[in-house]
Amino acid sequence: MSTTSEQSPTFAPFKLEAQFATELPELAVPGHGEDTPDPTLLLLNEVLAEELGLNPTWLKSDDGIQFLLGHNSQPLTQAVSQAYAGHQFGQFVPRLGDGRALLLGEIQDKSGHWRDIHLKGSGRTSFSRGGDGRAALGPVLREYLVSEAMFALGVPTSRALAVLTTGRKIQRETAVPSAVLVRVSTSHIRVGSFQYSNLTGGIELTKRLADFAIKRHYPALAVRLNTPTPQLYVDFFREILKRQAHTVAKWTRLGFIHGVLNTDNTLVSGETIDYGPCAFMEAYRENTFFSSIDTQGRYSFGNQPSIIGWNLARLVETLLPLLGETPDEGMTQAQNLMNEFGELYHGALLEEFALSLGVDNSHKELFETFQNLLTLNSPDLTTLMRTLTEGATPPPGFESWVAQWQELNPNYEQMAQVNPVFIPRNHLVEEALSQALEGNMQNYLQLLRAVTHPFDRTAGSAFLTLPSAPGFEDDFRTFCGT
Ligand code: AMP
Ligand code: MG
Numbered sequence: 152m153s154t155t156s157e158q159s160p161t162f163a164p165f166k167l168e169a170q171f172a173t174e175l176p177e178l179a180v181p182g183h184g185e186d187t188p189d190p191t192l193l194l195l196n197e198v199l200a201e202e203l204g205l206n207p208t209w210l211k212s213d214d215g216i217q218f219l220l221g222h223n224s225q226p227l228t229q230a231v232s233q234a235y236a237g238h239q240f241g242q243f244v245p246r247l248g249d250g251r252a253l254l255l256g257e258i259q260d261k262s263g264h265w266r267d268i269h270l271k272g273s274g275r276t277s278f279s280r281g282g283d284g285r286a287a288l289g290p291v292l293r294e295y296l297v298s299e300a301m302f303a304l305g306v307p308t309s310r311a312l313a314v315l316t317t318g319r320k321i322q323r324e325t326a327v328p329s330a331v332l333v334r335v336s337t338s339h340i341r342v343g344s345f346q347y348s349n350l351t352g353g354i355e356l357t358k359r360l361a362d363f364a365i366k367r368h369y370p371a372l373a374v375r376l377n378t379p380t381p382q383l384y385v386d387f388f389r390e391i392l393k394r395q396a397h398t399v400a401k402w403t404r405l406g407f408i409h410g411v412l413n414t415d416n417t418l419v420s421g422e423t424i425d426y427g428p429c430a431f432m433e434a435y436r437e438n439t440f441f442s443s444i445d446t447q448g449r450y451s452f453g454n455q456p457s458i459i460g461w462n463l464a465r466l467v468e469t470l471l472p473l474l475g476e477t478p479d480e481g482m483t484q485a486q487n488l489m490n491e492f493g494e495l496y497h498g499a500l501l502e503e504f505a506l507s508l509g510v511d512n513s514h515k516e517l518f519e520t521f522q523n524l525l526t527l528n529s530p531d532l533t534t535l536m537r538t539l540t541e542g543a544t545p546p547p548g549f550e551s552w553v554a555q556w557q558e559l560n561p562n563y564e565q566m567a568q569v570n571p572v573f574i575p576r577n578h579l580v581e582e583a584l585s586q587a588l589e590g591n592m593q594n595y596l597q598l599l600r601a602v603t604h605p606f607d608r609t610a611g612s613a614f615l616t617l618p619s620a621p622g623f624e625d626d627f628r629t630f631c632g633t
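In this note's numbering, the protein residues as written are 152 to 633.
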């Protein structure tokens with residue numbers, strides 16, 4: 152069968168693989184998306200679709216929509232929900248898994264990388280426990296916006312391909328429309344996936360999972376899989392440390408708070424995932440947290456690097472037998488590796504500061520003073536960085552530091568490419584979502600356009616650069632939004 156019409160291709164012009172499902176069946180439970188009464192494609196990321204070799208015209212067709220919902224009427228996929236465990240707020244839960252998500256399969260993008268196509272809110276699975284397997288439209292739109300903003304800001308992240316409304320209302324605090332988010336990551340292998348494999352399948356399954364992750368994410372290491380040595384797994388874990396250090400340093404530089412850094416929400420690819428109660432902080436305060444369920448501030452802004460370190464320690468524990476010829480050797484390697492994390496993070500943070508201040512990374516003292524001034528004065532981080540970028544008058548408290556910094560002849564052009572004009576500010580996101588839920592997508596689409604072109608002042612109205620009114624952040628709370 153072939154299509155001649157570009158307008159209405161009748162079959163899917165792409166190939167989806169089932170690598171994870173085939174190679175790790177112990178961690179995959181077959182399933183499909185539940186029926187939906189009245190599905191509508193609300194948002195489609197056409198640029199990402201093209202990058203994945205997916206035809207946007209086909210995706211908009213009835214068959215395309217059935218595919219995006221994971222319906223078994225589309226025989227294109229061998230969809231599975233993935234098993235994982237996780238430490239949630241420090242408490243170990245041995246069996247979590249995709250309670251409302253499905254991995255449709257993997258697709259090779261135009262640059263040859265494998266990407267997971269994954270649904271969130273597609274219905275109940277064998278991991279749903281008491282949950283309904285569904286997702287509310289508000290949080291789905293929020294994840295689409297924030298993850299695409301993060302991508303545009305240069306942060307490793309899952310991407311958003313589409314939002315579909317289902318025509319169904321679900322009960323949350325009130326009855327709200329439900330939706331399915333189609334998201335894309337280089338994999339959905341979590342620290343919690345290793346915790347689960349270790350618990351249920353021991354080192355044999357864990358090694359297979361590690362080898363899969365090496366093949367998917369670390370091709371330079373994959374060539375050594377034929378003759379695996381402990382050093383291979385040491386190098387594998389070190390790469391994960393580096394990627395996570397790099398990602399969390401970017402969060403710090405941008406004032407991003409993930410909000411729910413459980414081990415099941417930490418990927419070995421280093422990509423940011425699971426945008427639930429996340430938020431960008433306005434006033435710079437290390438102890439900021441917004442999540443309504445994070446009552447202790449475990450996942451506050453300033454705690455994120457050490458929490459990621461803690462999560463990675465849980466990961467390395469699952470790899471011990473692979474890291475050395477003897478248990479002692481494995482343990483010593485693990486300890487040495489974990490000792491590297493702090494330095495990797497501080498190195499990555501220095502790089503980030505250097506980039507955003509347009510100087511090289513040799514000015515450690517200058518960065519430290521800057522950080523102290525941030526803590527002392529709690530400025531709006533985004534506005535401050537852009538003020539520096541544009542050579543405008545710095546806020547009180549920063550004058551003498553700025554004079555010192557300017558003597559270094561900062562590279563303003565470079566700064567303009569890393570310090571955003573537009574971020575998804577909480578008050579703007581809230582307003583856009585409340586309108587979207589009333590059926591008016593205009594504000595949402597304007598905000599989406601601005602935050603996905605964060606360095607281009609012409610991409611949005613001036614009011615989209617404004618911080619919230621004084622006091623807004625004090626009572627602002629985010630919700631996991633299940
Ligand atoms: P999350 O907070 O989205 O990272 O989810 C944590 C765990 O709860 C995962 O195992 C999810 O699959 C599960 N979960 C969250 N919401 C639902 C829901 N509405 N129905 C079933 N499972 C859910
Ligand atoms: Mg999660």
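Don't be surprised by glycine CBs; every beta carbon is placed ideally from N, CA and C.
Note that the structure is a prediction, hence the values are computed from the model and not measured.
The Cβ-Cβ distance between residue 321 and residue 285 falls below 8 Å. Runs of beta strand (DSSP E) with 3 or more residues, each lying fully within the stretch 233-266, are found at 237-239, 242-244 and 252-259, listed in chain order. Counting only beta-carbon distances shorter than 6 Å to the non-hydrogen atoms of the ligand MG, the qualifying residues in chain order are 415, 416 and 425. Per DSSP, the beta-bridge partners of residue 408 are 430.
Counting of Cβ neighbours within 10 angstroms places residue 399 among the buried residues, the total reaching 16 or more. Counting every other CB atom within 10 Å of its CB across the protein chains shown gives residue 617 a total below 16, marking it as exposed. DSSP places residue 354 in the helix class (H, G or I) of the three-state scheme. Assigned with DSSP and collapsed to three states, residue 568 falls in coil, not helix or strand. Between the alpha carbons of residue 415 and residue 465 lies a gap of roughly 11 Å.
Look at residue 181 here: in three-state DSSP terms it is strand.
With 16 or more other CB atoms across the displayed protein chains lying within 10 angstroms of its CB, residue 595 is buried. Leaving aside the five residues that flank residue 245 on each side, the residues in its chain whose CB is nearer than 7 Å to its CB run, in chain order, 236 and 350. Around the beta carbon of residue 218, 16 or more other beta carbons lie within 10 angstroms, which makes this residue buried. The three-state secondary structure of residue 359, taken from DSSP, is helix. Taking a 10 Å sphere around the C-beta of residue 261, we find fewer than 16 other C-beta atoms and assign the residue as exposed. Inclusion of residue 250 and residue 208 in the CB contact set at 8 Å is not warranted, their separation being larger than that value. Remark: the shortest separation between the CB of residue 247 and any heavy atom of the ligand AMP falls under 7 Å. The stretch 184-193 makes contact with the stretch 210-230, as at least three CB pairs between them are under 8 Å.
Out of 200, 168, 266 and 199, the CA that lies nearest to the CA of residue 227 is found in 168. When DSSP states are grouped into helix, strand and coil, residue 578 belongs to the helix group. The C-beta of residue 369 has 16 or more other C-beta atoms within 10 Å across all chains shown, which makes the residue buried.
Under the three-state reduction of DSSP, residue 271 is assigned to strand. About 6 Å separates the beta carbons of residue 393 and residue 495, which is inside the 8 Å limit, making them a contact pair. In the three-state reduction of the DSSP assignment, residue 531 falls in the strand class, which pools E and B.
Rounded to whole angstroms, the Cβ separation of residue 422 and residue 575 is 18 Å, and the two are not in contact under 8 Å. Contact annotation: residue 417 and residue 365 have beta-carbon atoms that are not nearer than 8 Å. Using a 10 angstroms sphere on the CB of residue 413, the tally of other CB atoms reaches 16 or more, which defines it as buried.
The stretch 431-441 makes contact with the stretch 620-632, as at least three CB pairs between them are under 8 Å.
Rounded to the nearest whole angstrom, the CA to CA distance from residue 419 to residue 391 is 6 Å. Between the alpha carbons of residue 567 and residue 282 lies a gap of roughly 45 Å.
Taking C-alpha positions only, residue 294 is separated from residue 578 by approximately 15 Å. For residue 481, the enclosing alpha helix (DSSP H) begins and ends at 478-508. Residue pairing for residue 316: DSSP places it in a beta bridge opposite 191 and 330. Annotation for residue 511: no alpha helix (DSSP H) segment contains it, and DSSP assigns it neither H nor E. Out of 478, 403, 297 and 586, the CA that lies nearest to the CA of residue 499 is found in 403.
Boundaries of the alpha helix (DSSP H) harbouring residue 293: 288-303, taken from the DSSP string.
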